[in-house]
Amino acid sequence: ARARGAMKAYTFRVFNKAGVCLFNHAWPGTAQAASLDDDARKMLYGSLFSLKQFIAKLRPVDDPKNNNTQYYSFRTNNYKMHVRETAAGVVFLLATEPGAGALRDALRKFEEAWTECFAKNPVAPGPSALPSESTSAALTARVEAIAENALREM
Amino acid sequence: VRPRVTAPDFPAGRLRGSSTRVCPRWHDMSTAVPPGVHSIWVINKSGGLVYQKSYADVPAIDTNETLRLASIWHSLHAISAQLSPVEGCLGIELLETQNFDLRCVQTVTGTKFFVTASPKTPGLANLLHAVYDLYCDYVMKNPFYELEMPIRCELFEQNVQYAVRATNNAFGY
């Protein structure tokens, strides 16, 4: 049973700098499939890329210390997308119900989980390669835990 | 002999105690975001920009650039509906970033009104609906206005200015 006031998460994705989707997870109840076909992937990554440039152009202040679009989110009438980008160009995307608040902490935890499971893994092949089965499973478990925690109290 | 580097030649008038600042943004090192409403944009149903005006001290954007940005927003708005993980999405309503918020409203005819403002500014949706009402009254009902063309209706611009000021005042900006 869902706790009263808990928000649902829909999908979680990780992209690398080249637009390759390194990790996919969809929660039950999502109409969209977890894995993206090539066109959908290009559309998603391309639109994020455009959105990042759009934000950079509309920025009201020039803050050189803090110019990376570290975290931003956009909300439509039926979903909210949270985006976190690291300095290395890895993008973490989380789609939730529109009522969710700012999930900066959750995305930061996702990044930490990713770093631990994947980047710090001595047998991981490299930044562009896809994670192995066991890494994916470990990451999935952690992602679900983080999301549940973050969205429980919304 | 290498010539000594001297200060650039300022026009004599400026050195004589003139009050105009020489380099407008040099000593404006503040990185504070101007509070309240920043700018309002209106985009027609094909994605062309028909109105864009800034109401705060934000960096000016070149006209061609504003046209490009409007058309980019038009596509992003449409694509966000296609990227939805669930059915029935109508496009981006709110974009929250580190330094500004963007609130967007699309009418049933496909015209988009969006406003940029400092983060967490309240009353933006109401402001956009007020601008839509003004658009209906002073633009749509203006017999000399050409549809889908840039808006050059003085009453519209004046009243939007009042609406922005009212929004800022209502929340103490």
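Sequences listed follow chains E and H, in order.
Taking our numbering, the leading residue of the first sequence gets -18, the next gets one more, and so forth.
Taking our numbering, the leading residue of the second sequence gets 3, the next gets one more, and so forth.
Backbone N, C-alpha and C define an ideal beta-carbon position, used for all residues, glycine too.
DSSP places A119(H) within a strand segment (E or B) once states are collapsed to three. For R123(E), the uninterrupted alpha helix (DSSP H) segment begins and ends at E114 to R133. Here the segment 136 to 155 of chain H makes no contact with the segment 69 to 89 of chain H; the two share fewer than three CB pairs at distances below 8 Å. Close CB contacts of N59(E) within its chain, under the 7 Å cut and outside five residues either way in sequence, are with P79 (chain order).
Against chain H, the CB of R56(E) has a partner CB under 8 Å away; the residue lies at that interface.
Under the Cβ distance rule, P9(E) does not count among the residues neighbouring chain H, no pair being separated by less than 8 Å. Measuring C-alpha to C-alpha distances from G38(H) to each of L92(H), R105(H), L51(H) and T68(H) identifies R105(H) as the nearest.
When rounded, the separation of the alpha-carbon atoms in N128(H) and T65(H) is 27 Å. Any Cβ of chain H closer than 8 Å to the Cβ of K38(E) would place that residue at the interface, and such an atom is present. Identification of chain E residues near G93(H) by a Cβ-Cβ cut-off of 9 Å yields T57 and N58, ordered along the chain. The C-beta distance from Y53(E) to L97(H) rounds to 7 Å, short enough to fall under 8 Å. Here V166(H) is not near Y(-9)(E), since their CB atoms are 8 Å or more apart. Cα atoms of L149(H) and E97(E): separation of roughly 56 Å, rounded to the nearest angstrom.
Closest option to P41(E), judged by alpha-carbon separation, among P124(H), P145(H) and T118(H): T118(H).
F116(H) sits away from H40(H), with the two beta carbons spaced by 8 Å or more. Judged by their CB atoms, F(-4)(E) and L3(E) are nearer to each other than the 8 Å cut-off.
Sorting D86(E), R65(E), F55(E) and V71(E) by C-alpha distance to the C-alpha of C91(H) places F55(E) at the top. Identification of chain E residues near S86(H) by a Cβ-Cβ cut-off of 7 Å yields T57, N59 and Y60, ordered along the chain. Taking the CA atoms as reference points, L75(E) sits about 23 Å from V107(H). Interface with chain H (8 Å Cβ-Cβ cutoff): F(-4)(E) is excluded. Taking the beta carbon of Y53(E) as reference, the chain H residues within 9 Å of it are L97, E98, T99 and Q100, listed in sequence order. When DSSP assignments are scanned along the segment 20 to 97 of chain E, the uninterrupted stretches of alpha helix (DSSP H) that are 4 or more residues long and fall wholly within it turn out to be 85 to 95. Taking 8 Å as the threshold, the shortest C-beta distance from L75(E) to chain H does not fall below it. Taking 8 Å as the CB threshold, S117(E) stays off the interface with chain H. Under DSSP, N5(E) takes part in a beta bridge, and its partners are R(-6)(E). With a threshold of 16 other beta carbon atoms within 10 Å, T77(E) meets it and is buried. Within the segment 65 to 85 of chain H, the residues whose Cβ lies closer than 8 Å to some Cβ of chain E are E67, L71, I74, W75, S77, L78, I81, S82, A83, Q84 and L85, listed in chain order. V141(H) sits in a helix when the DSSP states are folded into three classes. In this structure, the CA atom of R65(E) is about 33 Å from the CA atom of A172(H).
Counting C-beta atoms within 10 angstroms of its own C-beta, M(-12)(E) has 16 or more neighbours from the protein chains shown and is therefore classed as buried.
The C-beta of A12(E) comes closer than 8 Å to at least one C-beta of chain H.
Judged by DSSP secondary structure, Q108(H) falls within the beta strand (DSSP E) whose first and last residues are D103 to Q108. Beta-bridge annotation (DSSP): I42(H) is paired with K55(H) and V117(H). Identification of residues in the segment 102 to 133 of chain H having a C-beta nearer than 8 Å to some C-beta of chain E yields F102, L104, T118 and S120, given in sequence order.
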